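Enquirer: Letter by letter, the sequence shown follows residues -12 to 151 in the working numbering.
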Amino acid sequence: TPEYDWEETTNLNLVLHQFEYTVTTAVCTKTSNKHLQILKRLSTKVYASPSRRDMESKGTEEKMTYPNIYFTVDNFEDTFCEMVVNEGQMVCVELVAKNSRLNEPRVLFLGSIKYEALKKVYETRATTSTRVAQRMSLGMYTKRRVEFVRMRGPNVSRSTFVFP
-12 TPEYDWEETT NLNLVLHQFE YTVTTAVCTK TSNKHLQILK RLSTKVYASP
38 SRRDMESKGT EEKMTYPNIY FTVDNFEDTF CEMVVNEGQM VCVELVAKNS
88 RLNEPRVLFL GSIKYEALKK VYETRATTST RVAQRMSLGM YTKRRVEFVR
138 MRGPNVSRST FVFP
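1. Less than 7 Å between C-beta atoms, sequence neighbours within five positions excluded: which residues of the same chain meet that for C15?
2. Within 10 Å of its beta-carbon, does Y8 have 16 or more other beta-carbons around it, so buried, or fewer, so exposed?
3. Compare the Cα-Cα distances from E81 to each of S30, L1, N20 and report the closest residue.
4. Report all residues from its chain with a CB closer than 7 Å to the CB of T28; omit the five preceding and five following residues, and keep chain order.
5. What residue does the alpha helix (DSSP H) around R112 start on, and which one ends it?
6. What residues in its chain sit with their C-beta under 7 Å from that of Q5, if we drop five residues either side in the sequence?
7. Could you tell me the boundaries of the beta strand (DSSP E) in which E(-5) lies?
8. In the DSSP assignment, find the unbroken alpha helix (DSSP H) run with E49 in it and report its ends.
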């Protein structure tokens, strides 16, 4: 019979089931050293999981990641299709956990990435065939690439976010 660490199992279940998680993504411009202007903001419920799927290859196989916890957005492309970031702007991401009994939200992650950094990642990862197809189609090439970018925030080793 397998042995269980009941304390660890209980803690994992508390993290997964006793909190509601919300991710807020905003496109912002920096108006001064300490101030941001929010141009567009969207909040959506996310779900905690001790496993993940390989997003880069649209994997169907789940990989156990415990003790790392991943947060999943249902219907990502429809949810974030209106979030467009342009030159001089940045994407800000905040992940909040809320216990419905205590009604005290806690920020778990807060990070941002500038347009220039996103563009560099996007261009660096573009394959030669994708570039050729885009040039030859005279702008009619409609397949949108999606890139996954790791963001670092305070007190967090790393988080992965998707930017189409």
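Positions of the beta carbon are idealized from the N, C-alpha and C atoms, including for glycine. This structure is a prediction, so every number in the text was calculated from the model and none was measured.
Expert: Quick look at the numbers:
1. L23, Q24, I25, L26, Q76, M77, C79
2. buried
3. S30
4. Just to set this straight, residue 28 is Arg in the shown sequence, not Thr. T11, A13, listed in sequence order.
5. It spans 102 to 112 - the alpha helix (DSSP H) in which R112 sits, taken as one unbroken run.
6. N86
7. First-last for E(-5): -7 to 4, but that is the alpha helix (DSSP H), not the beta strand (DSSP E).
8. Element bounds for E49: not the alpha helix (DSSP H) but the beta strand (DSSP E), 49 to 51.
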